[in-house]
Amino acid sequence: MEIQAEEAFEFLIQHLAKIPVNISRPALVATRYAHLYLPQVVEAFWRTRTPNVGTVDLTDTQFTVFYDAAWELARIGVLRPGRVAPRNQEMANDFGDLWSITAFGFRWLGKGSARPFIDMSRMSEVLAGFVPLFGAGFGQRAVEAVGTYRTANYLASCSMAGAAAESILLAAAIAKSGDEAKMLKMYEAAPGRTRVTGYVTGQATDSVKRQFEAALHILHYWRDDASHGQQTTITEVEAHSALSELLRLAQFASDRWSALTA
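Going from the sequence shown to my numbering is simple: count from 1 and add 3.
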């Protein structure tokens, strides 16, 4: 039985969101005076797939994906390792199993609309599949776009989605010309984006040109709107749209690569 990291992440978030802010100390006895005793959650998840399964029946692989998810939540400030109020209690044998929700974490978990869409499962893996074609710069920005979306940083997600789209454009231009320095110089000069786009689509059919430019235009909007200094109204809906458009652009460019780089 396998599980994707995003699936464990979402299951853990849903579990944590049910824990009340003012939970009493006696109510924490079952979870060893922490908000979260991770082995219990892992067991609960796998019982949704195999009734009556116990922790002793699970492999390390079935556990580690949840430990990774907990540490990811700790990285963004939602969780911290240990009991709610350790008070000098021994916990050496429980390290990694006990977690408590921070004050920021309760606020983050309480905003149901601000938590990630569950349909983000495997998005980063799918986008990573295009790295051999579009380059490491694309991969870095695409992973950041998905990661910041998952942590509800929608402004950053849109900006990174736009940056990843630009990486696709540059990768196509460089592949077509064979001269990276020349393409970068063209891109950096005004109006670089328009000139490079025209260069890439210059020999393509009208259909390919129209579809490629339309996809780039949508993503450039997110890039530009997210990156200027004024206050933005970007929300989860826009960020989800930006990631979806990035995936469509990546797939289209991959499918039409020979036409764009000929």
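C-beta: ideal position from N, C-alpha, C; glycine also.
Query                                                                                           : Result
The stretch 63-71 touching the stretch 33-45, judged by at least three CB pairs closer than 8 Å : yes
Cβ-Cβ distance between Glu248 and Ile221 below 7 Å                                              : yes
Three CB pairs or more closer than 8 Å across the stretch 244-260 and the stretch 129-142       : yes
CA-to-CA distance, Ala47 to Phe14, given in whole angstroms                                     : 10 Å
For Gln143, the nearest candidate out of Thr51, Gly165, Ala30 (CA to CA)                        : Gly165
Integer Cβ distance of Ala155 from Trp102, believed to fall under 8 Å                           : Actually they do not touch by this definition, with Cβ atoms about 19 Å apart.
Short Cβ contact (7 Å threshold) for Phe141 with Ser170                                         : yes
Three-state secondary structure (DSSP) of Tyr40                                                 : strand
Burial state of Gly108 (16 or more Cβ within 10 Å)                                              : buried
Assigned exposure category for Thr204 - 16 Cβ within 10 Å defines buried                        : buried
Residue range of the alpha helix (DSSP H) that includes Pro135                                  : 134-137
First and last residue of the uninterrupted alpha helix (DSSP H) at Ile26                       : First-last for Ile26: undefined, no H or E at that position.
With 16 other Cβ atoms within 10 Å as the buried cut-off, status of Ala148                      : buried
Rounded straight-line distance, which links the Cα of Ala193 to that of Glu10                   : 44 Å
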